[in-house]
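Enquirer:
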Amino acid sequence: MFKMQKILGIFFTSFCFLLIGCNTSSSIVPPSSPPTTESTSSSSPLEISPSPSPEINPQLNATNQSPPLVISSEIPLAPPIFPDGSPVALHGALHIEGRQLLDTHNKPFQLRGISTHGIQWFGDFVNEKSLKHLRDDWKVNVIRLAMYTDTTSGYSDNPLLLQQSMQKGIEIATELGLYVIVDWHILSDGNPNTHLEEATIFFDAFSRLYKNYPNILFELCNEPNGPNVTWEEEIKPYAEKILACIRSNSNQSIIIVGTPTWCQNILAAAKNPLEDTNCLYALHFYASTHTVTLRTYLQIASDKYSLPLIVSEFGTCEASGDGAINFTECDNWIALLDDYTISWVNWSLCDKPETSALLNPGASFTGPWQENELTESGRYIKALLIQSAASKDKE
Numbered sequence: 001m002f003k004m005q006k007i008l009g010i011f012f013t014s015f016c017f018l019l020i021g022c023n024t025s026s027s028i029v030p031p032s033s034p035p036t037t038e039s040t041s042s043s044s045p046l047e048i049s050p051s052p053s054p055e056i057n058p059q060l061n062a063t064n065q066s067p068p069l070v071i072s073s074e075i076p077l078a079p080p081i082f083p084d085g086s087p088v089a090l091h092g093a094l095h096i097e098g099r100q101l102l103d104t105h106n107k108p109f110q111l112r113g114i115s116t117h118g119i120q121w122f123g124d125f126v127n128e129k130s131l132k133h134l135r136d137d138w139k140v141n142v143i144r145l146a147m148y149t150d151t152t153s154g155y156s157d158n159p160l161l162l163q164q165s166m167q168k169g170i171e172i173a174t175e176l177g178l179y180v181i182v183d184w185h186i187l188s189d190g191n192p193n194t195h196l197e198e199a200t201i202f203f204d205a206f207s208r209l210y211k212n213y214p215n216i217l218f219e220l221c222n223e224p225n226g227p228n229v230t231w232e233e234e235i236k237p238y239a240e241k242i243l244a245c246i247r248s249n250s251n252q253s254i255i256i257v258g259t260p261t262w263c264q265n266i267l268a269a270a271k272n273p274l275e276d277t278n279c280l281y282a283l284h285f286y287a288s289t290h291t292v293t294l295r296t297y298l299q300i301a302s303d304k305y306s307l308p309l310i311v312s313e314f315g316t317c318e319a320s321g322d323g324a325i326n327f328t329e330c331d332n333w334i335a336l337l338d339d340y341t342i343s344w345v346n347w348s349l350c351d352k353p354e355t356s357a358l359l360n361p362g363a364s365f366t367g368p369w370q371e372n373e374l375t376e377s378g379r380y381i382k383a384l385l386i387q388s389a390a391s392k393d394k395e
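In case it helps, our numbering puts the sequence shown at residues 1 to 395.
1. Excluding the five sequence neighbours on either side, which residues of its own chain have a C-beta within less than 7 Å of the C-beta of Leu385, listed in chain order?
2. On the criterion of 16 or more Cβ atoms from any shown chain inside 10 Å, does Ile310 qualify as buried, or is it exposed?
3. Going along the chain, which residues of its own chain have a beta-carbon closer than 6 Å to the beta-carbon of Ile170, five neighbours each way excluded?
4. From Thr316 to Tyr238, what distance separates their C-alpha atoms?
5. Return the CA-CA distance between Gly323 and Asn225, expressed in angstroms with no decimal places.
6. What is the DSSP secondary structure of Ala390, reduced to helix, strand or coil?
7. By Cβ distance below 8 Å, which residues in the same chain neighbour Thr375 in space, the five residues on each side in sequence not counted?
8. For Ala146, which three-state DSSP category applies?
9. Pull up the distance between the alpha-carbon of Glu175 and that of Cys330, whole angstroms please.
10. Let's see if you can read the secondary structure: which residues bound the alpha helix (DSSP H) around Ser306?
11. Taking Asn278 and Pro79 to be in contact with their CB atoms under 8 Å, please state how far apart those CB atoms are, rounded to whole angstroms.
12. Give me the Cβ distance between Asn127 and Thr328, rounded to the nearest whole Å; I'm assuming they're in contact under 8 Å.
13. Where DSSP assigns a beta bridge to Asp183, which residues make up the other side?
14. Specify the secondary structure class of Tyr297 as computed by DSSP and reduced to three states.
15. Tell me whether the beta-carbon of Ser288 lies closer than 7 Å to the beta-carbon of Gly177.
16. How long is the line joining the alpha carbons of Ile381 and His195, rounded to whole angstroms?
17. With distance defined between alpha-carbon atoms, name the residue in Thr261, Gln264, Thr341, Val182 nearest to Ser115.
18. When DSSP builds the beta bridges, which residues end up paired with Asn346?
19. Given that a residue counts as buried once 16 or more other Cβ atoms are within 10 Å of its Cβ, and exposed if not, what is Ile75?
20. Using alpha carbons as the reference points, say which of Lys271, Glu275, Ser312 lies closest to Tyr297.
21. Within 10 angstroms of its Cβ, does Arg379 collect 16 or more other Cβ (buried), or is it exposed?
22. For the beta strand (DSSP E) that Phe206 lies in, which residues bound it at each end?
23. With Asn222 and Ile186 assumed to form a contact (beta carbons below 8 Å), what rounded beta-carbon distance in angstroms separates them?
24. Keeping to the same chain, check which residues put their C-beta closer than 6 Å to that of Ile172; ignore five residues upstream and five downstream.
25. Kindly indicate the opening and closing residues of the beta strand (DSSP E) around Val257.
26. Decide if Ala244 is buried, meaning its Cβ has at least 16 other Cβ atoms within 10 Å, or exposed.
27. Would you please state the rounded distance, in angstroms, between the beta carbons of Ile235 and Pro273? I believe it to be under 8 Å.
28. Could you tell me the boundaries of the beta strand (DSSP E) in which Phe285 lies?
29. Thinking C-beta only, is Gln100 closer than 7 Å to Ser153?
30. Could you have a look at Pro237 and say whether DSSP puts it in helix, strand or coil?
31. Exposed or buried, Gly123, counting other C-beta atoms within 10 Å across all chains shown (16 or more means buried)?
32. So, under 8 Å CB-CB, Leu220 and Ile254 are touching, yes? Tell me the CB distance rounded to an integer number of Å.
33. Starting from Leu90, follow the alpha helix (DSSP H) in both directions and report where the run begins and ends.
34. To the nearest whole angstrom, what separates the beta carbons of Arg135 and Ser312, a pair I think is in contact under 8 Å?
35. Within 10 Å of its beta-carbon, does Glu233 have 16 or more other beta-carbons around it, so buried, or fewer, so exposed?
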């Protein structure tokens, strides 16, 4: 059954992209808007620094796009069958009560896994062998598929190609019984409303097609940033629009919502949350940059406001994605997240020459990766995932 669904999914890529997003009259992906300049404003009380910059791949352009994608607006894919013993088979559809993410058995559940770098540049690492290796040997239960929206070779320039890349990643992860975060990865765009129309069309299409997939979480905006990109004026209104679109197709999907200042100003969201109670709010940290102050904000958001949080991205290094590694601070962070049963996802599955990368340049696309193929961060994160899984198994 699932193989037939996959064939149908591939069939969708043979025709024109014909879908109408919620609250938009356009049936095609609109042209790119001028990107917002990335801000380094210190208007937040947090010590801030922009997150990892993208790697540009000149080979990815309109000349090698695959045929356009059709996503049926009438026939969602049937519910998949997950392999016995896989994370989704064991824990099923997730939901939120209060500040806590729960599994289908109403037990607190922690997603622990890996984020790709931009799938437009490092998509070769997203394949059945690599994700199976991460599931079985690294003990991940979630993969985050990061799709940059506004850079050269990003979604705005390559919508059809990246829709297909996202579908491919979803299909592979689902066959392996992994949870999947579909990440609309804004960064240089800063304001999520820069590409509101594209986001509306994208999330309408994917939430409709995959409405029966209990393993998919939708991340609406990776890291909103900029001095004028506030929760009240920009991020919350954007999230409400995209949420309405997704909920018209799927009432149960877990939604991840970015917060101001590269997902550090979580208190702004805590004081004025969305009405939708099946949302997690994103906090991002890089261990060499974000320490005690941001952890204090996490505790306030959790204890005082009962805000359901997820660390949908963190790194062992500086907030640039490179620079000094600080495993001691990373240990402090993970201990706190474990105390609150807050999910965490590490950046990133790539071989880019930076300290946040898990793999050394030239590492195998498929794994299994030998020790000499892993970076210092890669060895640490692998051990952390294995240790965390073993600890949870004892509970």
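A virtual CB, placed ideally from N, CA and C, is assigned to each residue, including glycine.
Expert: On the basis of the data shown:
1. Arg112, Trp138, Lys139, Val140
2. buried
3. Val180
4. 30 Å
5. 21 Å
6. helix
7. Thr355, Ala357, Leu358, Leu359, Asn360
8. strand
9. 32 Å
10. Ser306 -> no alpha helix (DSSP H), and no H or E assigned at all.
11. Going by Cβ atoms, the distance from Asn278 to Pro79 rounds to 18 Å, so no, they are not a contact pair.
12. Wrong, their Cβ atoms sit about 34 Å apart, outside the cutoff.
13. Ala146, Glu219
14. helix
15. no
16. 33 Å
17. Val182
18. Ile114, Phe314
19. exposed
20. Lys271
21. exposed
22. Looking at the DSSP string, Phe206 is not in any beta strand (DSSP E); the run it does join, the alpha helix (DSSP H), is 196-209.
23. 5 Å
24. Glu128, Leu131
25. 254-257
26. exposed
27. With a Cβ gap of about 12 Å, Ile235 and Pro273 do not count as contacting.
28. 279-286
29. no
30. helix
31. buried
32. About 11 Å separates the two Cβ atoms, so there is no contact after all.
33. 87-91
34. About 19 Å separates the two Cβ atoms, so there is no contact after all.
35. exposed
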